[in-house]
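Asker: Under this note's numbering, think of the first position of the sequence shown as 1198, with each following residue one higher. Every residue gets a Cβ at the ideal spot worked out from N, C-alpha and C, and that includes glycine.
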Amino acid sequence: MRLRSERIVCPDATRAGEVIVEHGRISSVNVVADRSDAAASREGGELVDLGDRWLVPGYIDVHVHGGGGAQCNTANADEIAAVARFHARHGTTGLLATTVAAPVEELCAALTAIARCTAPTLLGAHLEGPFLSREQPGAMDPNLFLDPDLVQLDRLLTAGKGAVRMMTLAPELPGAMALVRRLQESEAVASVGHTSAADGEVREAVRAGANAATHVFNAMPPLHHREPGAVGAVLDLPEVSCELI
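1) Looking at the structure shown, is H1284 part of a helix, part of a strand, or coil, going by DSSP?
2) Give the DSSP-derived three-state secondary structure of I1442 in the structure shown.
3) Keeping to the same chain, check which residues put their C-beta closer than 8 Å to that of A1360; ignore five residues upstream and five downstream.
4) What did DSSP end up calling D1346 once you bin it into helix, strand or coil?
5) Assuming L1347 and L1380 are in contact, meaning their beta carbons sit under 8 Å apart, how far apart are those beta carbons, in whole angstroms?
6) Roughly how many whole angstroms lie between the Cα atoms of V1261 and A1267?
7) For a quick check, are the C-beta atoms of L1304 and L1353 less than 8 Å apart?
8) Looking at C-alpha atoms only, which residue of E1332, F1342, R1222 and A1299 is the closest neighbour of T1271?
9) What does V1226 pair with, by DSSP beta-bridge criteria?
10) Is the Cβ-Cβ distance between A1387 and L1366 less than 8 Å?
11) Which residues share a DSSP beta bridge with R1201?
12) Cα-Cα, which of V1403, D1396 and W1251 is closest to V1428?
13) Going by DSSP in three states, Q1268 sits in which element: helix, strand or coil?
Written out as structure tokens, the structure reads:
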């Protein structure tokens, strides 16, 4: 299949040309120097001419709580699939179904549903909690937060059957480093968030394997000239991917 557009978003600029798709995967992007030459391709296959509409890579969203009237804190795999379909219609080609803090039994049920869900755009689960700072609850109920506990984390990982790809946690909590290391062993991303951690505590977590930060500036103290805190640390460390909302 050939997707032709006058506005293909490339790493350096917006170009005219064609995106070639073979067996469901992008095989090449053929750009032209002159937009008037965009129709000159000799590639074979079905042609979809998009005119001057934007042609961009699919969005990857690692923090999705729901969509289209459905939510991710559910034991219903069909509801998870409905969330994925809703976001696919708006350009998201891969997402992590994200849970909020809840009793561990409910989180395990949600992870079981996510693991069972066969939506092609579902990449796994993001656990936002429950090992978060009660000082920084955001929109969540701090009464549902737990102190770091490897036994409880293992319950969640077992329920997810490999679906847990990311977890947001507060690195300053006692025992949090053990969670970071266990997540790394499980090939899941440990993300700093809902935290009052000092700069040094975040850096310790990154040394242990954390490499992301959840909604930077939100649910964490603001940057201060005498105490950079979590904000200063994650913005300073190149190995940390920072999410903004």
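Answerer: According to the structure shown:
1) Helix.
2) DSSP, read as helix, strand or coil, puts I1442 in coil.
3) The beta carbon of A1360 is closer than 8 Å to those of L1308, I1311, A1312, G1321 and A1322 in its chain, skipping five residues each way along the sequence.
4) Coil at D1346, not helix or strand.
5) So it is not a contact: roughly 11 Å between Cβ atoms.
6) V1261 and A1267: Cα-Cα distance of roughly 11 Å.
7) Yes, the pair counts as a contact, with Cβ atoms nearer than the cut-off.
8) Minimum Cα distance to T1271 is reached at A1299.
9) In DSSP, V1226 forms a bridge with V1216.
10) Yes, the Cβ-Cβ distance between A1387 and L1366 is below 8 Å.
11) Checking the DSSP bridge columns, you'll see R1201 partnered with E1215 and D1246.
12) Minimum Cα distance to V1428 is reached at D1396.
13) Correct three-state label for Q1268: strand.
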